[in-house]
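What follows is a set of notes on a single structure, which appears directly below.
Residue numbers (the working numbering): 29 to 309.
This is the structure:
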């Protein structure tokens, strides 16, 4: 009887938990080089199917590296949101006050999940070389936790766990993408921890083949998913550089990683990787 009562009590508690307010998610998407009109819909649908969440989309129609977002013009732009998903590609937006407003929300405690070309946004100065902590152009990299400057050809990537103990990684299984972009790693900042690495076989380029027609492909490796703790509040940040192709964003394995990143940054994953029932569908 005690077991039955406990079971009934747990069920009632879980049902009550699911009646709580949904997670308020802000998805900022747009800019250069990607089909954001489709990808924002895929992300919104994938998140809301898995979580008790309401995703608000801020989509720019600007398809260049100068894409800006009206929401960032306000100092309290992140007010009311539990987490912000940065999915913008705005490499040539370099106004310091604008970028500082974005970062201030995260320094003050609003968690972030950064996707793909967000790693290549808001960069200026000598960003091709490792940027030192505290430098004028370090702010965005310090929030993300890793500096990347580019990628190789679009080829399959082996997606491999490097930390099976992290709550985000519970239940994760290695897989191989379709043709995707492997973002390089120029610098990893203090506070960042790798979760997943990508391995990609790179064919020799024309210059190499000219010297050696029999040159073999070489393997490139980079961190492609990681966590970070940012600023005085130690705000939780999760990032993955995967996500160029629509088919990758639509892949359930990719979406599950993104969603578990959302759960972790919003403190809805326990140490064993179990999600808070209140936020699950």
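Even glycine gets a Cβ: it sits at the ideal position worked out from N, Cα and C.
{"Check": "Using the rule of at least 16 other Cβ atoms within 10 Å of the residue's Cβ for burial, across every protein chain shown, is residue 233 buried or exposed?", "Outcome": "exposed"}
{"Check": "The alpha helix (DSSP H) that contains residue 284, what's its start and end?", "Outcome": "280-293"}
{"Check": "How is residue 59 classed by DSSP in three states: helix, strand or coil?", "Outcome": "strand"}
{"Check": "Any heavy atom of the ligand ATP inside 7 Å of the beta-carbon of residue 251?", "Outcome": "Judged by which ligands are present, the structure shown has none, so any question about the ligand ATP falls away."}
{"Check": "Measuring straight from C-alpha to C-alpha, what distance separates residue 300 and residue 198?", "Outcome": "8 Å"}
{"Check": "CA-CA distance, residue 224 and residue 252?", "Outcome": "6 Å"}
{"Check": "Relative to the C-alpha of residue 277, which candidate in 63, 53, 59 and 56 has its C-alpha closest?", "Outcome": "63"}
{"Check": "Using the C-alpha atoms, what's the distance from residue 66 back to residue 274?", "Outcome": "7 Å"}
{"Check": "Would you kindly check if the distance between the Cβ of residue 155 and the Cβ of residue 121 is under 8 Å?", "Outcome": "no"}
{"Check": "By DSSP's criteria, residue 115 is part of a beta bridge. Which residues make up the other side?", "Outcome": "57"}
{"Check": "Please give the ranges of any beta strand (DSSP E) in the stretch 56-102, keeping only runs that are unbroken, at least 3 residues long and fully inside the region.", "Outcome": "81-87"}
{"Check": "Could you give the residue range of the alpha helix (DSSP H) that holds residue 209?", "Outcome": "Taken as a continuous stretch (DSSP letters only), residue 209 belongs to no alpha helix (DSSP H), as it is neither H nor E."}
{"Check": "With DSSP collapsed to three states, give me the class of residue 301.", "Outcome": "coil"}
{"Check": "Mind checking which residues open and close the alpha helix (DSSP H) that includes residue 128?", "Outcome": "124-135"}
{"Check": "Could you tell me whether the Cβ of residue 255 comes closer than 8 Å to any Cβ of chain C?", "Outcome": "Absent here is chain C; the protein component of the structure consists of one chain."}
{"Check": "Roughly how many angstroms separate the alpha carbons of residue 70 and residue 245, rounded to a whole number?", "Outcome": "34 Å"}
{"Check": "Across which residues does DSSP place residue 221 in a beta bridge pair?", "Outcome": "255"}
{"Check": "Once DSSP output is grouped into helix, strand and coil, what is the label at residue 264?", "Outcome": "strand"}
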